[in-house]
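Visitor:
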Amino acid sequence: MKRLTKWRLVSLFAIMTLILSGCGEPFLSALRPAGEVAQEQYELMLLSTTIMVSVILVVTIIFIYVVIRFRRKKGEENKIPKQIEGSHKLEVIWTVIPILLLLVLAFPTVALTFKQADVSPMDKLNEDGTRDALVVNVRANLYWWEFEYPDHGVMTGQELVVPTDEKVYFNLISSDIKHSFWIPAAGGKLDTNVENVNQFYLIFDDDKANEAGNLFYGKCAELCGPSHALMDFKVKAVSRDKFDKWIADMEGAGEPEPETELAQAGEEIFNQSCIGCHAVTPQDPKPAEARLGPNLATFGERSRIAGILEHNEEELRDWLKDPETHKPGNLMTGKYPELKDNELDALVEYLMGLKVEK
C-alpha cells in the first residue's frame with residue numbers, strides 16, 4: 001500500500017508538471033524567442049543542452065553495459081577477475097573527447113558574447129550632434145521602472161515603447177539597490193547597478209510582435225525586496241512609423257487639461273499630494289534623484305496599474321487606498337494623507353484622463 005501511495009504521488013506530480021508547462025501567455029518564456037538576440041541565445045542553449053544530453057546518454061549506456069557485462073555470476077563469488085591497470089588508448093579517448101566538446105561549445109559562445117557586447121553605435125554622433133541609434137536610459141527603482149529617451153527629451157514609467165526590426169540600445173542603472181532588467185522573449189537579463197552603467201541591445205521581431213499583440217512582458221530578475229516578484233513592466237513593440245508618431249506626440253505634449261469638473265478637482269488633489277514625486281508631462285526637468293515616482297504622463301493609456309493590476313477605475317481606487325496591500329515595501333505608502341471617497345473619485349478621474357497619444 002505504501003508503494004502504491006508513492007506511485008500515486010509521483011503520477012500526480014508528473015501530471016501537474018505537464019499541465020503547468022502549458023500555462024501562461026505567449027512570449028513569456030525565453031524558450032520562445034521574439035527577436036534576433038533571443039534567437040541566438042536560444043540556439044546556443046540548444047547546442048549546450050544537446051552536448052550535455054549526449055554525454056549523459058553515452059555515460060548511461062556505458063554504465064548499463066558494464067553492470068550487465070561484468071556482473072558477478074552465481075558460483076563465481078570468490079573469483080577475482082583479471083586485473084588490468086591503465087589503458088593509454090582509453091585515457092586518450094576520455095581526455096580528447098571532452099576537450100573537443102568544450103571547443104565546440106566555446107567558439108560559438110565566445111563569438112556570440114563579443115557580438116552582443118558591441119554597443120559602439122551608441123557613441124557614434126552625426127555632424128549635427130544626433131545619432132542614428134535609438135538609445136533608452138533605463139532606471140530601476142523599488143519597485144518600478146523609468147524609461148528615458150535622451151535624444152528626444154521624453155520619458156515614461158512602467159511601459160517601454162520600442163520600434164521593431166532594429167537594434168534598441170539600453171543604458172541600465174539603479175537608483176537604490178541592485179535590480180536586473182529582463183524581457184524574456186527578447187533576450188537575457190542584465191543587472192542594473194547603482195555605481196556603474198551596463199549597456200546592451202535588443203531587437204524585437206515585427207512578426208512576433210504582431211503575434212504577441214505588440215505587447216511583451218518584462219520584469220526584475222534580481223531578488224530586491226518583498227515586492228521583487230511584482231516589479232513588472234510592459235513593452236510595446238510597434239512599427240517604426242508608429243514609434244515615430246508616439247515620439248512626436250510625447251515631444252509635443254503639454255500640461256494636461258482636465259475636461260470635467262471632477263477631473264479638475266482631482267488635479268487640485270494631485271497638485272497638493274502627488275506632484276512632489278510624480279510628473280504628468282513626458283518632459284520632466286527634475287534630476288534623477290528628485291524623480292521619486294513613475295512619470296504619469298501616459299497613465300490613462302497604460303495596460304496595467306503599478307505594473308500588476310488591471311487598468312480600470314476600481315483597481316486604481318484600491319491601489320490609492322492601500323498600495324502596501326498590493327506591493328509590500330513600496331515607497332508610495334504613507335506619502336500622502338488618507339483620502340475620502342469623493343477625493344478618490346476625483347483623483348481617479350484625473351489620472352485616467354492623463355493621455356498623450358492623439
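Quick note on the UniProt record's numbering: the sequence shown kicks off at 1 and runs consecutively. Glycine included, each C-beta is placed from N, C-alpha and C at the ideal position. Please read all numbers here as calculations on a predicted model, not as lab measurements.
Give the straight-line distance between the Cα atoms of isoleucine 93 and lysine 189, rounded to the nearest whole angstrom.
Guide: For the purposes of this step, residue 93 is identified with residue 93 of the sequence shown, where counting begins at 1. For the purposes of this step, residue 189 is identified with residue 189 of the sequence shown, where counting begins at 1. Taking the straight line from one Cα to the other gives about 38 Å.
Visitor: Are leucine 101 and isoleucine 61 touching if we call contact CB-CB under 8 Å?
Guide: Your numbering for residue 101 matches position 101 in the sequence shown. Your numbering for residue 61 matches position 61 in the sequence shown. No, the Cβ-Cβ distance between leucine 101 and isoleucine 61 is not below 8 Å.
Visitor: Is asparagine 295 near glutamate 146, with beta carbons less than 8 Å apart?
Guide: For the purposes of this step, residue 295 is taken as the residue at position 295 of the sequence shown. For the purposes of this step, residue 146 is taken as the residue at position 146 of the sequence shown. The answer is yes: Cβ separation under 8 Å.
Visitor: Is the stretch 107–115 close to the stretch 174–194, with three or more CB pairs under 8 Å?
Guide: With a cut-off of 8 Å, the stretch 174–194 and the stretch 107–115 do not count as touching, because too few Cβ pairs lie within range.
Visitor: Whole angstroms are fine: how far does the CA of isoleucine 64 sit from the CA of glutamate 324?
Guide: Start at 1 with the first residue of the sequence shown, and residue 324 comes out as number 324. Start at 1 with the first residue of the sequence shown, and residue 64 comes out as number 64. Distance between the alpha carbons of glutamate 324 and isoleucine 64: 57 Å.
Visitor: Give a yes or no on whether the C-beta atoms belonging to glycine 187 and valine 37 are separated by under 8 Å.
Guide: Here residue 187 refers to the residue found at position 187 when the sequence shown is read from its first residue. Here residue 37 refers to the residue found at position 37 when the sequence shown is read from its first residue. In contact: glycine 187 and valine 37 (Cβ atoms closer than 8 Å).
Visitor: Can you tell which of Glu314, Val280, Ala185, Leu142 has its C-alpha closest to the C-alpha of glutamate 222?
Guide: As a position in the sequence shown, residue 222 is number 222, starting the count at 1. Of Glu314, Val280, Ala185, Leu142, the residue nearest in Cα terms is Leu142.
Visitor: Give me the Cβ distance between proline 163 and serine 239, rounded to the nearest whole Å; I'm assuming they're in contact under 8 Å.
Guide: As a first step, residue 163 must be located in the sequence shown, where it is residue number 163. As a first step, residue 239 must be located in the sequence shown, where it is residue number 239. Indeed, because the Cβ distance is near 7 Å, the residues count as touching under 8 Å.
Visitor: So the candidates are Glu159, Pro282, Phe200; which of them puts its Cα closest to the Cα of leucine 215?
Guide: Position 215 of the sequence shown holds residue 215. Comparing Cα positions, the closest option is Glu159.
Visitor: Do leucine 230 and lysine 335 count as a contact pair if the criterion is CB distance below 8 Å?
Guide: In the sequence shown, residue 335 corresponds to position 335, counting from 1. In the sequence shown, residue 230 corresponds to position 230, counting from 1. It is not a contact, given that the beta carbons lie outside the stated cut-off.
Visitor: Tell me whether glutamine 237 sits in a helix, a strand or coil according to DSSP, three-state version.
Guide: Stepping through the sequence shown from its first residue, residue 237 is reached at position 237. Residue identity differs from the one stated: residue 237 is alanine in this sequence, not glutamine. In the structure shown, alanine 237 sits in a strand (DSSP, three-state: E or B).
Visitor: Evaluate the contact criterion for the stretch 239–251 versus the stretch 304–315: three or more CB pairs, one atom per stretch, below 8 Å.
Guide: No, the stretch 239–251 does not touch the stretch 304–315.
Visitor: Output the distance between the C-alpha atoms of glutamate 40 and phenylalanine 200, rounded to the nearest integer angstrom.
Guide: Within the sequence shown, residue 40 is the residue found at index 40, counting from 1. Within the sequence shown, residue 200 is the residue found at index 200, counting from 1. Computed Cα separation, rounded: 15 Å.
Visitor: Would you check if the distance between the CB atom of leucine 320 and the CB atom of leucine 344 is smaller than 8 Å?
Guide: Locating residue 320 in the sequence shown gives position 320, counting from the first residue. Locating residue 344 in the sequence shown gives position 344, counting from the first residue. Yes, these two residues count as a Cβ contact at 8 Å.
Visitor: Quick one: what does DSSP say threonine 192 is sitting in, helix, strand or coil?
Guide: Working through the sequence shown from its first residue, we reach residue 192 at position 192. Three-state DSSP puts threonine 192 in a strand.
Visitor: Assuming glycine 35 contacts isoleucine 247 (C-beta within less than 8 Å), just tell me the rounded distance between them.
Guide: Translated into the one-based positions of the sequence shown, residue 35 becomes position 35. Translated into the one-based positions of the sequence shown, residue 247 becomes position 247. Going by Cβ atoms, the distance from glycine 35 to isoleucine 247 rounds to 21 Å, so no, they are not a contact pair.
Visitor: Within the continuous alpha helix (DSSP H) that includes isoleucine 80, where are the two ends?
Guide: Start at 1 with the first residue of the sequence shown, and residue 80 comes out as number 80. Run containing isoleucine 80: none; DSSP gives neither H nor E here.
Visitor: Please determine, among Asp132, Ile269, Ala117, the residue with the shortest C-alpha to C-alpha distance to lysine 124.
Guide: Position 124 of the sequence shown holds residue 124. The option with the nearest alpha carbon to lysine 124 is Asp132.
Visitor: Is it buried or exposed for threonine 260, if we count other Cβ within 10 angstroms and need 16 for buried?
Guide: Taking the first residue of the sequence shown as 1, we reach residue 260 at position 260. Exposed, by the Cβ-count rule.
Visitor: Check the C-beta distance from glycine 153 over to glutamate 255 and give it rounded, since I have them as a contact under 8 Å.
Guide: Mapped onto the sequence shown, residue 153 falls at position 153. Mapped onto the sequence shown, residue 255 falls at position 255. With 8 Å as the limit, glycine 153 and glutamate 255 do not qualify as a contact, their Cβ atoms being about 16 Å apart.
Visitor: Could you pull the DSSP bridge partners for residue 364 from this structure?
Guide: Within the shown structure, residues of the chain are numbered from 1 to 358, placing residue 364 beyond reach of any answer.
Visitor: In whole angstroms, what separates the C-alpha of tryptophan 144 from that of glycine 157?
Guide: In the sequence shown, the residue the question calls residue 144 occupies position 144. In the sequence shown, the residue the question calls residue 157 occupies position 157. Distance between the alpha carbons of tryptophan 144 and glycine 157: 8 Å.
Visitor: So, glutamate 357 versus aspartate 249, is the Cβ gap smaller than 8 Å?
Guide: If you number the sequence shown from 1, residue 357 lands on position 357. If you number the sequence shown from 1, residue 249 lands on position 249. The answer is yes: Cβ separation under 8 Å.
Visitor: Need the endpoints of the beta strand (DSSP E) that arginine 139 sits in, please.
Guide: The sequence position of residue 139 within the sequence shown is 139, counting from 1. Start and end: 134–141.
Visitor: Quick one: what does DSSP say aspartate 151 is sitting in, helix, strand or coil?
Guide: The residue labelled residue 151 in the question sits at position 151 within the sequence shown. Coil.
Visitor: Determine the direct distance from the alpha carbon of tyrosine 42 to that of alanine 346, and round the result to whole angstroms.
Guide: By 1-based counting over the sequence shown, the position of residue 346 is 346. By 1-based counting over the sequence shown, the position of residue 42 is 42. About 48 Å.
Visitor: What is the rounded straight-line gap between the Cα of alanine 279 and the Cα of alanine 297?
Guide: Along the sequence shown, read from residue 1 onward, the residue named residue 279 stands at position 279. Along the sequence shown, read from residue 1 onward, the residue named residue 297 stands at position 297. Approximately 7 Å, taken between the alpha carbons.
Visitor: Use the C-beta contact count for glycine 293: other C-beta atoms within 10 angstroms, 16 or more gives buried, fewer gives exposed.
Guide: Position 293 of the sequence shown, counted from the first residue, corresponds to residue 293. It counts as buried.
Visitor: With DSSP run on the structure shown, which of helix, strand or coil describes aspartate 69?
Guide: Taking the sequence shown and counting its residues from 1, one reaches residue 69 at position 69. It is worth fixing the name first, because residue 69 is arginine in this sequence and not aspartate. Here arginine 69 sits in helix by DSSP.
Visitor: In chain order, what residues of the same chain lie with their CB nearer than 6 Å to the CB of lysine 167, ignoring the 5 residues before and after it?
Guide: Position 167 of the sequence shown, counted from the start, is the residue given in the question as residue 167. Result list for lysine 167: Tyr201, Ile203, in chain order.
Visitor: Would threonine 60 pass as an interface residue toward chain B - the criterion being a Cβ-Cβ separation below 8 Å?
Guide: In the structure shown, chain B does not exist; there is a single protein chain.
Visitor: Kindly indicate which residue of Asp128, Phe70, Lys286, Glu211 has the alpha-carbon position closest to the one of leucine 28.
Guide: Taking the first residue of the sequence shown as position 1, residue 28 is located at position 28. The shortest Cα separation from leucine 28 among Asp128, Phe70, Lys286, Glu211 belongs to Glu211.
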